[in-house]
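Residue 99 is where the sequence shown starts when you use the numbering used here, and the numbers rise one by one after that.
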Amino acid sequence: MEPKKLTAESAPVFQEGISLILTRWSALTAAVENEWGGRDSRGKANAICTDVFSFFTASRAEPLYIDDLEHILEEGLLSLNTLVEDGSIEEVAEKLMIMHEECLEGNYQSVEKLRTTNPPPVAHVQPSNVEDEDDDDDDEDDNMSENNAENMMVDVPNSQSSMNPVGMVTDEPKPNHSAEAEDGWFVVSSRKNKELVPLPRPLSCLSGEVCDVSYQGFLSLLHESPNDLLCIKSIHAQIITNSASKHHFLASNLVKSYSELGCLGIARKVFDKIPQPKPILCNSMLSGYLRNQCYKETIELFELMGVLHWGFDSYSCNFVLKACMELEDYERGREVIKRAVDRSVDGDRFLGSTMISFFMKSGDFNSARRVFNRMVERDVVCWNSMIGGYVKGCYYDLAFDLFREMILCGVRPSAITMVSLVQACGGMKNLERGKCVHGLVLVFGMGTNVLVLTALIDMYSKMGEHERARLVFDIMPAKNLVSWNVIISGYVQNCLVHESFNLFRELVLIGGSFDSGTIISLLQGCAQVADLENGKVLHGYIFRRGLDKNLILCTAMVDLYSKCGALKEASFVFERMKDRNVITWTAMLVGLAQNGHAEDAIKLFSRMQEEGVPANSITLVSLVQCCAHLGSLKKGRSVHAQLLRHRYTFDVINLTALIDMYAKCGNINYAERVFKDGSFKDVISWNSMITGYGMHGQGHKALDIYRRMLEEGLKPNQTTFVSLLSACSHSGLVEQGRSLFLSMEKDHNIKPTEKHYACYVDLLSRAGHLEEAEALVKQMPYQSSHEVFEALLSGCRMHKNIDIGTKTANYLLSLDATNPGIYVMLSNIYAEARRWDAVDHIRGLMKRRGLKKTPGYSLIEVGKQLHSFFAGEDSHPNSEEIDQILEKLKSELEASGYIPDTSCVLRDIDEAMKIKSLWRHSERLAIAFGLLHTPEGSLIRITKNLRVCSDCHTVTKYISMVVKREIIVRDANRFHHFVDGKCSCNDYW
């Protein structure tokens, strides 16, 4: 039986089948989303549906039998129903793709072409690209999803309807087809923003005749077509149908069109169909990869061009060199330049500009200048590349010299030129030159250029000229988002947080848009002034807008809460974050460290390592500071090793942190070695070393290094004299301290601050010069601070001066009645004078006011773990062994001549209880634990949060002699090195 042919009468039946397919579209999308679930599911649904439509609508050189059409229609509907009902997505998709391939390859019976004298107009759905059947192409899926292809509507007119010029169906009968109509335009409409957008496309007529579209016509279509994937695919299908797909220029334009839509997979398939591509086609593919940030693919294609001996030109080298810059692959970039020079294509000004930028970015400024000097034709872009490169490399004077040369050569600067010069002024911190450049901006007629004016706002803000910055901002005729962000950020940089919020309100009131950068600046402002209230308001806004997944915003919130001391909120934000980078971890770690939770910070760092997050230098420096706070030398040395292993630059910050850590962990010798090995030392590094010597009671070494610092030409600052006076105080160097205090203003023009007076008062008080110290307090040019009176009170307690001590304590309580330390110190003064009634009164006051004494504790590091002991504690797992060690030590020490000093027990109890109380002090428990768990003869390090009492000081001297060990104790004031019954402080602390 002869198969039925597709006729004008049977065509509407086929159209109804297409309509049935369309009704399944939404169900199909839902099924795909349920099956795949991921973010690309809608794109996959679109891709499958597009392929299904292509079965029935693709233009062909040969017609189909109706039997074939009915079979395909039946199979397509069955597949879609299966897809919707049981979600067997991948199997159905594969089946449909196979059917599609069979149809396109012509696996159906061939008959003579069907011709109809007056075929009804039929609207076809756009066919998918016949060269692309890869449903997993992410770029294509994403693009289709963005264009809402699932909402595509096809207008299918009946035989009595006609198509109006914009593709809508009308009820007016259409006359016989004209030639234009047969070649003509059929419309597929996509629903965008609830409006029908017509997409033009040339189609062959239903009979299968090929449209006679010229080469130039296809180029025009590609250039004039809207930026829509379906439209480009339609044109591509017609190019193939007209056997024009091998034309290099057409292929180049197709590659360009697909690349602009992000469909690199399709673009590469078009490219690969050309056996010997010319440079114009290769450049389109290279440009597409570069545009879509596929830098490795750009380089790989260029290398393939070399292997297969395809030609290349200056544009090819230009694209590849830019990819090398993005990847910072400078070695390969130099190879590209060498090939360009060998091929003599390096004279092109575009490639020349890129070569200059490449050399500038790689730090080879001399090579960049040589390329620039060799260029015959130098436009403003070339000059901008050189000037901008000098600015980025901080060669500001060279940038201005080149600008003068540019003007002399008659080249008019562009906005980019002026932006580079403005940035140079900001980098130089040269306000006067910045004003001159501002004048040139006006001279060259760029006074309304948003880019240049925004750069000026940034420059003035960074130099503290916020009023000038605001003036420039106010006169801007048009302000964009970047301008608003720069001015708001400028106010934050200048600590004008209130004004930054006023600007933000102004932006909101005028209906302006803002982004995460705006919010980040405001969060940083809140962190600066510890404005927790406004910070929480911003947090609420971030949450409401669904921005709480933004990594940078969440990191800024962690930093804000940490700096406001709200660690609970900081931890809440941190733990909710699914993606955390090293900056986020560091913000949380620094927050813990700065709020006195050093041990928690170290635990967080261990967790960070377990999760495989590599630390940066800021993380490690913060960790070094935690180790210094805890006195954890082992962890501190481990962090130092990581800094060395990862070859981080040992700048002043790293160097100072390590010196401070080793000094505070009791190893002043290591601190000295780090200091000596440092290649660059500024006044901060010298100050750290002076402080380290001071806390170890080595006042003379502190003075020696100060003299060396002066010999090397460094000028001391305020911190230098704080460290020196503190060192003199811990070593009892009264005369040297007095001389330094007087030389501050006289020799170095440094006016003493309250901190310097506090150190000087402490020096005099420790040495017993209480009357002189009291007189100095009265003569101070400032209203005396807490620090000054607390130093005097501490001296009164040390030397048991009740009169001055009582007056000082009363004055301190009038300033701050909630400081428990003052009550404790006054109570101790009365207790040492055996005035128990006054002691009871003071303690009663504390109890009524809800104040508690800070409990004394000691830390010892054994292995990789820190162990803490509180005074009188008996809950430690090793309590029994510790008690046995202490009993044994007590007997040995008493046999060696130790006599308990019960005056340290400031409670009204009997002598036996006082002795028992002394042996439960936290440092003795820690020493006993150290003797129990460390190798014989090894060093024991103890960190105590309060001042060591005189009896514990004596006991530790005896223990070091009896057990033949060095014991280092760091108390609240200084370090004590106990060796063979002697202490480094010489009993002066």
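Virtual Cβ for every residue (Gly too), placed ideally from N, Cα, C.
Point to revise | Whole-angstrom distance between Ser385 and Gly306, CA atom to CA atom | key: Reliability fails at Gly306, whose pLDDT of 34 lies under 50, so the model's placement of it is uncertain and the value that follows must be treated cautiously. Distance from the CA atom of Gly306 to the CA atom of Ser385, rounded to whole angstroms, is 37 angstroms.
Check your understanding: Does the Cβ of Ile196 have 16 or more other Cβ atoms within 10 Å, making it buried, or fewer, making it exposed?
Key -> Confidence at Ile196 is low in this model, with a pLDDT of 49, below 50, so its placement is unreliable and the value that follows should be read with caution. It counts as exposed.
Practice item. Under 7 angstroms Cβ to Cβ from Arg735, same chain only, skipping five residues before and after it: list those, please. Key: Nothing meets the Cβ criterion.
Point to revise | Beta-carbon separation (whole angstroms), Val1067 vs Val1053, contact threshold 8 angstroms | key: Not confirmed; about 11 angstroms, so no contact.
Review point. In terms of residues, what are the limits of the alpha helix (DSSP H) holding His407?
Key: It is not in any alpha helix (DSSP H) - His407 carries neither H nor E in the DSSP assignment.
Practice item. Verify whether the separation of the beta carbon atoms of Met484 and Phe470 is less than 8 angstroms. Key: Taking 8 angstroms as the Cβ cut-off, Met484 and Phe470 qualify as a contacting pair.
Exercise for review: Just grab the DSSP bridge partners of Glu959 for me.
Suggested key: Answer is Leu964, bridged to Glu959.
Exercise for review: Using only alpha-carbon positions, find the residue among Ile454, Glu503, Asn714, Lys634 that is nearest to His744.
Suggested key: Minimum Cα distance to His744 is reached at Asn714.
Check your understanding: If you draw a straight line from the C-alpha of His854 to the C-alpha of Leu540, how long is it?
Key -> Their backbone Cα atoms lie some 51 angstroms apart in a straight line.
Review point. Out of curiosity, what's the CA-to-CA distance linking Asp1096 and Lys962?
Key: Nothing about residue 1096 can be read from this structure; the chain reaches only from 99 to 1087.
Review point. Along the chain, where does the alpha helix (DSSP H) that runs through Phe748 open and close?
Key: No alpha helix (DSSP H) holds Phe748; DSSP gives it neither H nor E.
Point to revise | Arg941 in three-state terms, based on DSSP | key: In the three-state scheme derived from DSSP, where H, G and I count as helix and E and B as strand, Arg941 is classed as helix.
Review point. To which residues of the same chain is Asn815 closer than 8 angstroms at the C-beta, ignoring the five residues directly before and after it?
Key: For Asn815, where only same-chain residues beyond five positions count, the Cβ hits under 8 angstroms are Val781, Asn785, Ile848.
Check your understanding: Using the rule of at least 16 other Cβ atoms within 10 Å of the residue's Cβ for burial, across every protein chain shown, is Ala625 buried or exposed?
Key -> Residue environment for Ala625: buried (at least 16 other C-beta atoms within 10 angstroms of its C-beta).
Exercise for review: Name, in chain order, the residues that DSSP records as bridge partners for Ile1040.
Suggested key: Note: Ile1040 sits in a beta bridge opposite Val1067.
Practice item. Go through its chain and collect everything with a Cβ distance to Pro110's Cβ below 6 angstroms, but skip five positions before and after it. Key: Only weak support exists for where Pro110 lies, its pLDDT of 49 falling under 50; the coordinates are left without a value.
Review point. What span of residues does the alpha helix (DSSP H) with Phe1076 cover, start to end?
Key: Per DSSP, Phe1076 lies in no alpha helix (DSSP H) segment; the continuous beta strand (DSSP E) that holds it begins and ends at 1073-1077.
Check your understanding: Enumerated in chain order, which unbroken segments of the alpha helix (DSSP H) with a length of 4 residues or greater are wholly contained in the region 778-849?
Key -> Restricted to the region 778-849, the alpha helix (DSSP H) segments that are unbroken, complete and at least 4 residues in length are 781-793, 797-809, 816-829, 832-846, listed in chain order.
Practice item. Work out the CA separation of Ser581 and Met473 for me, nearest whole Å. Key: Distance between the alpha carbons of Met473 and Ser581 is about 36 angstroms.
Practice item. Whole angstroms is fine: what's the gap from Glu843's alpha carbon to His564's? Key: Going by the C-alpha atoms only, they are around 33 angstroms apart.
Exercise for review: Give the single residue among Cys593, Glu708, Phe316, Leu605 whose Cα lies nearest to the Cα of Asn578.
Suggested key: Looking at Cys593, Glu708, Phe316, Leu605, the one whose alpha-carbon comes closest to that of Asn578 is Leu605.
Point to revise | Alpha carbon of Ala1026 to alpha carbon of Asn926, nearest angstrom | key: For Ala1026 and Asn926, the distance between alpha carbons rounds to 27 angstroms.
Review point. With a Cβ-Cβ cutoff of 8 angstroms, do Gly729 and Thr1041 count as a contact?
Key: Yes, the Cβ-Cβ distance between Gly729 and Thr1041 is below 8 angstroms.
Exercise for review: Would you list the residues sitting across from Lys1080 in a DSSP beta bridge?
Suggested key: Within the DSSP secondary-structure output, Lys1080 pairs in a beta bridge with Val1077.
Practice item. Drop a sphere of 10 angstroms on the beta-carbon of Asp230, count the other beta-carbons inside from all chains shown, and report buried for 16 or more, exposed for fewer. Key: A caution first: Asp230 carries a pLDDT of 37, below 50, which makes its placement in the model unreliable, though a value can still be read off. Buried is the call here.
Practice item. Compute the beta-carbon to beta-carbon distance between Cys415 and Gly450, rounded to the nearest angstrom, for a pair I have assumed lies under 8 angstroms. Key: Between Cys415 and Gly450 a beta carbon distance of about 11 angstroms is seen, past the 8 angstroms cut, so the two are scored as non-contacting.
Exercise for review: Please say whether Gly835 and Leu861 have beta carbons closer to each other than 8 angstroms?
Suggested key: Cβ atoms of Leu861 and Gly835: closer than 8 angstroms.
Point to revise | Cα-Cα separation between Gly537 and Gly644, rounded to whole angstroms | key: Those two C-alpha atoms are separated by around 44 angstroms.
Check your understanding: Taking only runs of the beta strand (DSSP E) that begin and end inside the region 570-632, which ones reach a length of at least 3 residues, in chain order?
Key -> Unbroken beta strand (DSSP E) runs of no fewer than 3 residues, entirely contained in the region 570-632, are not found.
Practice item. Output the distance between the C-alpha atoms of Leu551 and Phe571, rounded to the nearest integer angstrom. Key: The C-alpha of Phe571 is placed about 8 angstroms away from the C-alpha of Leu551.
**Study point:** Rounded straight-line distance, which links the Cα of Ile586 to that of Leu964
**Key:** Spanning the alpha carbons of Leu964 and Ile586 requires a straight line of approximately 45 angstroms.
Review point. If you draw a straight line from the alpha carbon of Phe599 to that of Val671, how long is it in whole angstroms?
Key: Straight through space, the alpha carbons of Val671 and Phe599 are spaced by roughly 23 angstroms.
Practice item. Following the continuous alpha helix (DSSP H) through Cys480, name the residue where it begins and the one where it ends. Key: Membership of Cys480 in the alpha helix (DSSP H) is indicated by the continuous run 478-490.
Check your understanding: How would you label Cys1083, buried or exposed, when you count the other beta carbons within 10 angstroms and need 16 or more for buried?
Key -> Taking all protein chains in view, the Cβ of Cys1083 is crowded by 16 or more other Cβ atoms within 10 Å, so the residue is classified as buried.
Check your understanding: Which first and last residues belong to the alpha helix (DSSP H) in which Tyr855 is found?
Key -> Its alpha helix (DSSP H) spans residues 852-864.
Check your understanding: Who are the near neighbours of Ile372 in its chain, counting only those whose CB is closer than 8 angstroms to its CB and skipping five residues on each side?
Key -> Excluding positions up to five away in sequence, the list reads Lys344, His346, Ala349, Leu379.
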